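Notes follow the structure.
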Amino acid sequence: MGDMDDHRAAADAPTDSDASASAEAEEIRRFWARLRLPGLVDVHTHFMPERVLHKVWEYFDGLGPMTGGLEWPITYRKEEAERAGILREFGVRAFTAMVYPHKPGMARWLNGWAVDFARRTPDCLHTATLYPEPGVEAYVREAVEAGARVFKAHVQVGAYDPADELLQPAWGLLAEAGVPVVIHCGSGPAPGKHTGPEPIARVLARHPRLRLVVAHMGMPEYEEFFDLAERYGEVRLDTTMAFTDFSESFMPFPRRALPRLAGLGDRVLLGSDFPNLPYPYVDQLHALERLDLGDDWLRAVCHDNAAGLFGL
Ligand SMILES: [Zn+2]
Numbered sequence: 329m330g331d332m333d334d335h336r337a338a339a340d341a342p343t344d345s346d347a348s349a350s351a352e353a354e355e356i357r358r359f360w361a362r363l364r365l366p367g368l369v370d371v372h373t374h375f376m377p378e379r380v381l382h383k384v385w386e387y388f389d390g391l392g393p394m395t396g397g398l399e400w401p402i403t404y405r406k407e408e409a410e411r412a413g414i415l416r417e418f419g420v421r422a423f424t425a426m427v428y429p430h431k432p433g434m435a436r437w438l439n440g441w442a443v444d445f446a447r448r449t450p451d452c453l454h455t456a457t458l459y460p461e462p463g464v465e466a467y468v469r470e471a472v473e474a475g476a477r478v479f480k481a482h483v484q485v486g487a488y489d490p491a492d493e494l495l496q497p498a499w500g501l502l503a504e505a506g507v508p509v510v511i512h513c514g515s516g517p518a519p520g521k522h523t524g525p526e527p528i529a530r531v532l533a534r535h536p537r538l539r540l541v542v543a544h545m546g547m548p549e550y551e552e553f554f555d556l557a558e559r560y561g562e563v564r565l566d567t568t569m570a571f572t573d574f575s576e577s578f579m580p581f582p583r584r585a586l587p588r589l590a591g592l593g594d595r596v597l598l599g600s601d602f603p604n605l606p607y608p609y610v611d612q613l614h615a616l617e618r619l620d621l622g623d624d625w626l627r628a629v630c631h632d633n634a635a636g637l638f639g640l
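Sequential numbering of the sequence shown, starting at 329, is according to the numbering used here.
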């Protein structure tokens with residue numbers, strides 16, 4: 329908290345951190361301008377009630393087991409309005425508010441917060457979440473009717489089986505409505521009881537048109553999740569943290585899978601994990617660039633695929 333107070337006190341005077349943020353913004357703008365894009369679309373950013381976000385930051389600070397024991401300095405530890413402002417400076421045209429519950433009785437409350445956040449943040453795609461619990465179908469329906477454009481599910485933090493019977497009607501409803509669900513289901517940075525491709529394969533067997541967006545490229549089970557994306561045409565993947573030096577150091581992307589990554593170019597979406605990333609945002613973009621899959625691939629991934637999916 330001291331951080332935030334200091335920042336307020338220093339708000340009138342430009343600081344070193346302001347200067348480096350605007351240098352970064354310039355670099356990011358050069359990245360998408362060179363590709364002749366109108367900006368970026370980032371499908372994986374975290375906005376949530378402040379006290380929940382502070383708990384998440386405390387978790388990363390304490391190197392909780394789900395961080396895989398890695399040092400995880402949060403790069404953009406700022407107040408909400410400032411965080412949204414940074415994304416705009418970067419030229420992120422649309423982003424999300426990835427909220428997720430870790431226990432029953434929390435999802436509906438988070439969804440209520442997210443309605444309000446979307447209302448006061450027009451460039452945020454109205455986001456909702458779900459959890460296997462009685463009533464989930466009703467609140468998912470409510471969220472869709474209220475205009476939710478994307479859902480977030482977190483199999484690792486929620487510690488549930490995504491193929492749980494309680495979720496079946498909700499998956500069916502989302503498949504029918506064509507609303508994408510960003511789902512953290514890979515076993516990175518640390519495995520959970522229900523992470524990995526197998527439970528997701530069971531979900532897709534029952535809901536083959538469900539628009540799952542596999543977060544973090546399915547890290548570290550990249551290739552198994554590619555199998556699912558190649559089998560089911562509505563499955564997509566987000567780039568969140570993948571290919572960066574940070575992730576490559578402990579869950580490297582197998583080079584042999586590069587041609588498959590190129591082939592899935594119309595179903596890979598830029599995601600960053602902003603603000604919870606342990607390095608500058610621009611690192612994610614450079615990591616994509618150095619895959620060397622070409623400018624058409626970058627244009628699709630950094631903007632056009634998500635713009636098409638969300639009708640931007
Ligand atoms: Zn995330």
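Yeah, the Cβ is synthetic: ideal placement off N, Cα and C, and Gly gets one too. A quick note: this is a predicted structure, and the numbers were derived from the prediction, not measured.
Check whether residue i and residue j have beta carbons under 8 Å apart
i	j	result
T424	T455	yes
P432	Y467	no
V369	L598	yes
F602	L415	yes
N514	E562	The question names Asn, but residue 514 is Gly in the sequence shown. No, the pair does not count as a contact, with Cβ atoms beyond the cut-off.
E551	P582	yes
H544	G367	no
A481	V507	no
A422	D451	yes
Bounding residues of the beta strand (DSSP E) (the contiguous stretch that carries residue i)
i	result
A456	T455 to T457
F479	V478 to H482
Which of helix, strand or coil DSSP assigns to residue i
i	result
V384	helix
A422	strand
L368	strand
V507	coil
C513	coil
V427	coil
Q612	helix
L494	helix
L598	coil
Other residues of its chain near residue i: CB distance less than 7 Å, five sequence neighbours each side excluded
i	result
K521	A487
A628	G593 and D594
A635	V369
F574	P606 and Y607
A412	T449
H523	Note that residue 523 is Thr in the sequence shown, not His. Closer than 7 Å at the Cβ level, and outside the excluded window around T523, lie V483, Q484, C513, G514 and S515.
Start and end residues, alpha helix (DSSP H) containing residue i
i	result
V563	Looking at the DSSP string, V563 is not in any alpha helix (DSSP H), and its letter there is neither H nor E.
F445	A435 to R448
L540	Careful: L540 lies outside any alpha helix (DSSP H), inside the beta strand (DSSP E) at L540 to V542.
G636	N633 to F638
P587	L586 to G591
P519	Taken as a continuous stretch (DSSP letters only), P519 belongs to no alpha helix (DSSP H), as it is neither H nor E.
E465	V464 to E473
F574	D573 to E576
Cβ-Cβ separation, residue j to residue i (assumed contact under 8 Å), whole Å
i	j	result
P525	L556	6 Å
D489	P527	5 Å
A491	V542	Their Cβ separation, rounded to whole angstroms, is 15 Å, which puts A491 and V542 out of contact at 8 Å.
Same chain, Cβ closer than 6 Å to residue i, five either side skipped, listed in chain order
i	result
P536	Y560
A590	L621
L613	F359
E504	none
A471	N439 and A456
L538	W499 and A503
D611	T572
G397	L391
Contacts around residue i, its chain only, beta-carbon distance under 8 Å, and the 5 residues preceding and following it disregarded
i	result
Y393	The sequence shown places Pro at residue 393, not Tyr. Result list for P393: A518, in chain order.
A469	Residue identity check: residue 469 is Arg in the sequence provided, not Ala. The residues are L501.
R436	G463 and Y467
8 Å Cβ cutoff, residue i in contact with chain B
i	result
V629	Reference to chain B is not applicable here, since this structure consists of a single protein chain.
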